[in-house]
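Engineer: As you go down the protein sequences, you meet chains A, B and C in turn. This note's numbering puts the first residue of the first sequence at 1, with every later residue one more than the last. This note's numbering puts the first residue of the second sequence at 1001, with every later residue one more than the last. This note's numbering puts the first residue of the third sequence at 2001, with every later residue one more than the last.
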Amino acid sequence: MITMARRLAAPVAAMAGFGAWQLQHKCEAKSEQKGVHKTLTSVNDNTRTETWETNEQQSGIGGLAWSVRKRTLHGGRQEGCEEIEVDNGLLSFTILPTRGMSIGRVGAGKALPLGWKSPVREVVHPKHVDLQDFNGLGWLSGFNEWLVRCGVAFAGHPGKDGEQLLTLHGRVGNIPASEVTVEVDAHHPHTIRVRGRVDEAMFKFADWELWTEVATEPGSDKLRVHDILVNRSSYEREYQLIYHTNFGPPILEEGGTFEAPVQSVMPFNAHAMSEVGTWQTYKGPTPDYGETVYCVTPHSDSSGQTVVALVNAAGDRGVSCRYSTSSLPALSLWKNTDTVEEGYATGVEPGTGFPFRRPLEREAGRVPKLAAGGSVAFSLEWQVLRSAAAVSAIKAEIAGIQKGRVGTIDRGSPML
Amino acid sequence: MITMARRLAAPVAAMAGFGAWQLQHKCEAKSEQKGVHKTLTSVNDNTRTETWETNEQQSGIGGLAWSVRKRTLHGGRQEGCEEIEVDNGLLSFTILPTRGMSIGRVGAGKALPLGWKSPVREVVHPKHVDLQDFNGLGWLSGFNEWLVRCGVAFAGHPGKDGEQLLTLHGRVGNIPASEVTVEVDAHHPHTIRVRGRVDEAMFKFADWELWTEVATEPGSDKLRVHDILVNRSSYEREYQLIYHTNFGPPILEEGGTFEAPVQSVMPFNAHAMSEVGTWQTYKGPTPDYGETVYCVTPHSDSSGQTVVALVNAAGDRGVSCRYSTSSLPALSLWKNTDTVEEGYATGVEPGTGFPFRRPLEREAGRVPKLAAGGSVAFSLEWQVLRSAAAVSAIKAEIAGIQKGRVGTIDRGSPML
Amino acid sequence: MITMARRLAAPVAAMAGFGAWQLQHKCEAKSEQKGVHKTLTSVNDNTRTETWETNEQQSGIGGLAWSVRKRTLHGGRQEGCEEIEVDNGLLSFTILPTRGMSIGRVGAGKALPLGWKSPVREVVHPKHVDLQDFNGLGWLSGFNEWLVRCGVAFAGHPGKDGEQLLTLHGRVGNIPASEVTVEVDAHHPHTIRVRGRVDEAMFKFADWELWTEVATEPGSDKLRVHDILVNRSSYEREYQLIYHTNFGPPILEEGGTFEAPVQSVMPFNAHAMSEVGTWQTYKGPTPDYGETVYCVTPHSDSSGQTVVALVNAAGDRGVSCRYSTSSLPALSLWKNTDTVEEGYATGVEPGTGFPFRRPLEREAGRVPKLAAGGSVAFSLEWQVLRSAAAVSAIKAEIAGIQKGRVGTIDRGSPML
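(1) Given that a residue counts as buried once 16 or more other Cβ atoms are within 10 Å of its Cβ, and exposed if not, what is HIS1128/B?
(2) By Cβ distance, which residues of its chain are closer than 8 Å to TYR1294/B, with the 5 residues on each side in sequence left out?
(3) Identify whether ILE1424/B lies in helix, strand or coil by the three-state DSSP scheme.
(4) Using 9 Å as the threshold, is the C-beta distance between TRP1116/B and ALA1345/B below it?
(5) Please identify the residue among GLY2365/C, LEU2112/C, SER2379/C whose C-alpha is closest to the C-alpha of GLN2305/C.
(6) Which residues in the same chain have their Cβ closer than 6 Å to the Cβ of GLU2085/C, if we skip the five residues on either side of it in sequence?
(7) Could you work out which residues of chain B lie near HIS226/A, taking near to mean beta carbons separated by less than 7 Å?
(8) Hey, out of HIS299/A, ARG357/A, ALA313/A, SER303/A, whose CA is closest to ARG405/A's CA?
(9) Give me the subset of the segment 2069–2103 of chain C whose CB atoms are less than 9 Å from a CB atom of chain A, sorted by chain position.
(10) Contact defined as beta carbons within less than 8 Å: I believe THR191/A pairs with ASP185/A. What is the distance between those atoms, to the nearest angstrom?
(11) So is PRO2287/C buried or exposed if we call it buried at 16+ other beta carbons inside 10 Å?
(12) For a cutoff of 9 Å on Cβ pairs, would you count TRP1021/B as touching chain C?
(13) For the beta strand (DSSP E) that ALA2260/C lies in, which residues bound it at each end?
(14) List the whole-angstrom C-beta distance separating GLU341/A from SER1233/B, where the pair is believed to meet the contact cut-off of C-beta under 8 Å.
(15) Using 8 Å for Cβ pairs, my map puts GLU1238/B next to VAL1367/B. What's the rounded Cβ distance?
(16) If we cut at 9 Å on Cβ distances, does TYR2239/C have a partner in chain B?
(17) Determine, for ARG2149/C, whether the minimum Cβ-Cβ distance to residues of chain A falls below 9 Å.
(18) If we call anything under 9 Å between Cβ atoms a contact, is THR1041/B one with GLY1196/B?
(19) Which two residues bound the contiguous alpha helix (DSSP H) that contains HIS299/A?
(20) May I have the straight-line CA-CA distance separating HIS2025/C from VAL1194/B, to the nearest angstrom?
(21) Provide the residue span of the beta strand (DSSP E) that contains ARG1149/B, from first to last.
(22) Expressed to the nearest angstrom, what Euclidean distance is found between the alpha-carbon atoms of THR1281/B and LYS1395/B?
(23) Counting only C-beta atoms, is ALA2005/C closer than 9 Å to chain B at any point?
(24) Since GLY156/A sits in a beta bridge, which residues does DSSP pair it with?
(25) Hey, how far is the Cα of GLY1219/B from the Cα of THR1054/B?
(26) Check whether the Cβ atoms of SER302/A and ALA377/A sit closer than 9 Å, and answer yes or no.
(27) Counting only C-beta atoms, is THR1339/B closer than 9 Å to chain C at any point?
(28) So the candidates are PRO261/A, ILE61/A, PRO285/A; which of them puts its Cα closest to the Cα of ALA399/A?
(29) Under the rule that 16 or more other beta-carbon atoms within 10 Å means buried, what is PRO1126/B, buried or exposed?
(30) For ARG1411/B, count neighbouring C-beta atoms within 10 Å of its own C-beta (all shown protein chains included) and say buried if the count is 16 or more, exposed if not.
(31) Give a yes or no on whether 9 Å exceeds the smallest Cβ distance from PRO2119/C to chain A.
(32) Can you name the residues of chain B whose CB is closer than 8 Å to the CB of LEU2140/C?
(33) How far does the beta strand (DSSP E) with ILE95/A in it extend, from its first residue to its last?
(34) Going along chain A, which residues have a C-beta under 9 Å from SER1375/B?
(35) Check the Cβ of LEU333/A against every Cβ in chain C and list those closer than 9 Å, keeping chain order.
(36) Determine whether the Cβ of PHE2205/C lies closer than 9 Å to any Cβ atom of chain A.
Here is the structure:
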């Protein structure tokens, strides 16, 4: 039996930048003696848990109310899907191990849901998703998450790359996690972590391990995603990763805005080009709108961090995302402000590149490579903004990064 | 928690013709207090039942013997499939929630099975069906039902429609039901109903709810299918639905006939054209026959109802189908009188259109549309004919609808 | 209820060469009274066993230690896969009913594993394998077995045959077995048998039953595969079957050799052609090597048997395979001596033909047909060679079959 820590150690030993994660892991090693350390699913241990639960009373950890509950879903296309619900007392969210550790729903209480409502109303088991359907659009028959990772061998729109059809947004959102653990620190601030390893492996083509972590603290208005992608192959390989994070009402509404320190923005297609003058403002639900997409390159501060935000019309509610542009230089803004029934939503999607077909992304120099045995880390912190003051603070921070530099708009012909 | 009735109410509130179903439902509301109302599968309740059973003794309902039994199938490609067997004392049949509420087997006792024997001998779980296989023919690797619905976004032969390959007979027969209930009325005639909702949902493309119901009464020689298709999308959408209902021996045999009030018939292809002179008569099992298909437009009576029948050679056994041609104007007659081992069978298939590729059907004006939020009902009543008298009565009824009008044969070139 | 024996009896009654299997079966019938006869999975009995175990103590059979253990795998892409582990005291191996009765791992103790290490590290459930992926290469996302059968309607490299894409190595390795039994004879030599029937059925296209058996004796260094393929269709049909058996270190190593009585060898492609001079010798792990394949036609002895072997560099360890060339005239030698991480392996693959696309195989006369109702048997005996003496004995036997005849090398242009 090999533990997760020991398995990870080998391939990433030489990885630059991985020190912080290792350090954190060692700290946990101490606290694990008193904290929660639960394996919910494990290929190594040949384990899968049907249901499980812990909370502050049961574990005796922390003074604030929190809980983590695991259940298995039944009926329809969700039969057999696993769901872990974390409630930190303020924020609650679900992790979907069966769907590549996607985050299903998020909300700050019932008053402030962050997600959106897709016509796909079940948590669809990958066994019922045929990625080849409709010439590579089958991913859409399972799409309803708040955050779904697109990738990792490919992540964009469907299309041929050589002889092979690369299906929409890749495979990793429809691969069940092989190892899933829940950890809660005994020491302050009692961080709650849900970790899972998702393997995208195909003989001759891919040997990716995506180590995912979603973390939060009791009472916090933040959740953090901290992933490490490892290339276990002997060869340098291209990868793509897009954090397809999606929002609906009440934050998304007519007059709501997308805020970011913009270096440049490029309309994705002709429809987006026609509205580029108002690209940072949202329409209300609009019949026959379909979608527009803007390819944004944000500025970052001296430490390589950027902040972007989605803000409602009144400017008193929103959500921000703080992340490093070094591993995620591109941000796709998906404005799907069609009708409510069709899924009125916007996607704020930091990524290694934009969702053009991979050959186009490669030509544009936006398909990074990972060395044999190499790894790369991705960290994003989402924060719920619950007051005008919180919104103003983020706007000020964004302005500080922008430093008055004017973002450019690429009005050249879009690549689609 | 939202009950089925409440969920249904909203989208179909404005639906013309839905009054009858609602009225029926209200009547049931009364009887439910004493009758059987069992939820077997529910996404809303996060429930799936491994096994369950009720009958006249256990429930205290009705004076005749009847039973409803639910089990889960195991082994091979049927692992995990759900099956509900209804026995009304005369007829018995199985409903397959995992396969889109198809009807698996039907028989009036062991002496008079209505179904057929496919080379596919298991109830195949959709996870083992790859609809893309063999250029869109993968549906055939799960095909063995007595009644399987083809549809609902597309229903015919595989082929490209624009950029997308529409696979044979659509998706709905391979989508597991999200809500499944069994109901038995406390009051006479103690109707037994198995209901299930099947969702064909794909972001940007489809948001269909197909509410299915199969009903019968203790001791009856009839079973009724009553479906309602709801378009939950904001947009008018094309749909196709074919009730692919299939029969083998003993009703199907050499010299057996298909009876219908025929307005017109069109051979599906050259092979069918070559035998159009005997299109209503069946051959015995015929090596290398393959299949012929005839596209029939039946007459209906003044109330819009038609009756068709399949009759054995002696004219003393058969099965009839009574339905409204308003929502199902077309009927495909599939004569698969190949060898017994290959699946000697005939399909009597009322539908919204014929099984040509959708672009051809659209061009011929046979692809209906459903408005945003709209719904359409389909009702079919199948009756087993167990005597020469019963067969004669149906033939007389058919002649009454035909009223001596001569059906035309379209000898023009078939569209395939 | 129909037992396996009775079901089998009918279709293969007239089969030439099947007498031996029937005779064996009758002998077992006697021993079954005292021996072990356990049904683990059965569509007929609607049974699936989560876990099960027997051994020499529990059963009271035999004087040597042995065991058979069945378990169900959990987590990741292996969720729900069945695995049967047979340990005869010397050899241990796993059978994977969910993956077409493939043999997963094999080893003579921990010191001498026979298998290899694929980047695909889980026993992948077919529900997570999309054979259509990457233009028909999806099979590679589940490939890590010691022995996987390629077939049975088609078995080679992906490519169109008429309108249909035949996916890599066919379907049968990703079809779960419908009937699985374990049998242990009460009488000496207490043969342990794991049997399973895998159905490749598709209406209009295929009705194959593949009856598989893996057998060994307590304390033996041999395991035998004995399969019977039955064509239940009414029509003569083409079939292809390749026993894709794969080896890694320690037997595979630099300087290791493939030994066989060679009638002729044909390089599969240009890369193989360039190294044809050393085709029987292995390289160590070689970055960027990829693979080479040689198409071998072995000689057989007067009874139609041949022997081939894989031998390590020192010539003191190896594995041999003894089989009849009458049903398996071709042998593909797959030299995948790439890096260890990419899956350093070699495949010794007796087959009905070579893995070229089916149209090419057909043109070359290497696609056999099976009559309606006909069947064909395949028997292979693998033996672990644990000493220089054992290796020498096999080499002498091979030389005896070769009888000094010089094998020809087909240096013509390869067909790929």
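Even for Gly, the Cβ is constructed at its ideal location relative to N, Cα and C. All figures in this text were calculated on a predicted structure; none of them were measured in a lab.
Structural biologist: Taking the definition as stated:
(1) It counts as buried.
(2) Once the five neighbours on either side are set aside, the close Cβ partners of TYR1294/B are VAL1265, MET1266, PRO1267, PHE1268, ALA1272, VAL1276, TRP1279, SER1332, LEU1333, LYS1335.
(3) No answer is possible for residue 1424/B: the residues shown for chain B start at 1001 and end at 1416.
(4) Yes, these two residues count as a Cβ contact at 9 Å.
(5) A check of alpha carbon separations from GLN2305/C across GLY2365/C, LEU2112/C, SER2379/C identifies SER2379/C as the nearest.
(6) Closer than 6 Å at Cβ, skipping near neighbours: ARG2069, THR2094.
(7) Near HIS226/A there are no residues of chain B at all, since even the closest Cβ is about 28 Å away, more than 7 Å.
(8) Of the listed residues, the one whose Cα sits closest to ARG405/A is HIS299/A.
(9) Hits within the stretch, in order: ARG2071, THR2072, LEU2073, HIS2074, GLY2075, GLY2076, ARG2077, GLN2078, GLU2079, GLY2080.
(10) Contact flag correct, Cβ pair sits at about 5 Å.
(11) PRO2287/C is classed as exposed because its beta carbon has fewer than 16 other beta carbons within 10 Å across all chains shown.
(12) Residue placement at TRP1021/B is poorly supported in this model, since its pLDDT is 41, which falls under 50; the coordinates are not used for a value here.
(13) In the DSSP assignment, ALA2260/C falls outside any beta strand (DSSP E) and carries neither an H nor an E.
(14) The Cβ separation is near 6 Å, so the contact holds.
(15) Taking the Cβ atoms as the reference, GLU1238/B lies roughly 5 Å from VAL1367/B, within the contact range of under 8 Å.
(16) So, not an interface residue.
(17) For ARG2149/C, the answer is no, since every Cβ of chain A falls outside 9 Å of its Cβ.
(18) A distance below 9 Å separates the beta carbons of THR1041/B and GLY1196/B.
(19) From DSSP, HIS299/A is part of no alpha helix (DSSP H); its letter is neither H nor E.
(20) Any answer about HIS2025/C is weak, because its pLDDT of 45 lies below 50 and its placement is not dependable; what the coordinates show is given next. Rounded to whole angstroms, the separation of the alpha carbons of VAL1194/B and HIS2025/C is 45 Å.
(21) 1147–1152 is the extent of the beta strand (DSSP E) around ARG1149/B.
(22) So the alpha carbons of these two residues sit roughly 15 Å apart.
(23) Here ALA2005/C scores only 38 on pLDDT, less than 50, and its place in the model should not be relied on; the value that follows carries that caveat. With respect to chain B, the C-beta atom of ALA2005/C has no partner C-beta closer than 9 Å.
(24) According to DSSP, GLY156/A bridges with nothing at all.
(25) Looking at the two C-alpha atoms, the distance is approximately 16 Å.
(26) Taking the C-beta atoms as reference points, ALA377/A is found no nearer than 9 Å to SER302/A.
(27) Taking CB atoms only, THR1339/B has a neighbour in chain C less than 9 Å away.
(28) Among PRO261/A, ILE61/A, PRO285/A, the Cα nearest to that of ALA399/A is on PRO261/A.
(29) The residue in question, PRO1126/B, is buried, as its Cβ has 16 or more Cβ neighbours within 10 Å.
(30) Under the 10 Å beta carbon count, ARG1411/B is surrounded by fewer than 16 other beta carbons and is classified as exposed.
(31) Cβ-Cβ to chain A under 9 Å: yes for PRO2119/C.
(32) Listed along the chain, the chain B residues whose CB falls inside 8 Å of the CB of LEU2140/C amount to none; the nearest CB is some 16 Å away.
(33) Segment 92–96, the beta strand (DSSP E) holding ILE95/A.
(34) Contacts between SER1375/B and chain A, judged by CB atoms closer than 9 Å, are missing: the closest CB pair is about 14 Å apart.
(35) Neighbours of LEU333/A on chain C: none; closest Cβ ~30 Å, over 9 Å.
(36) Among the CB atoms of chain A, none fall inside 9 Å of the CB of PHE2205/C.
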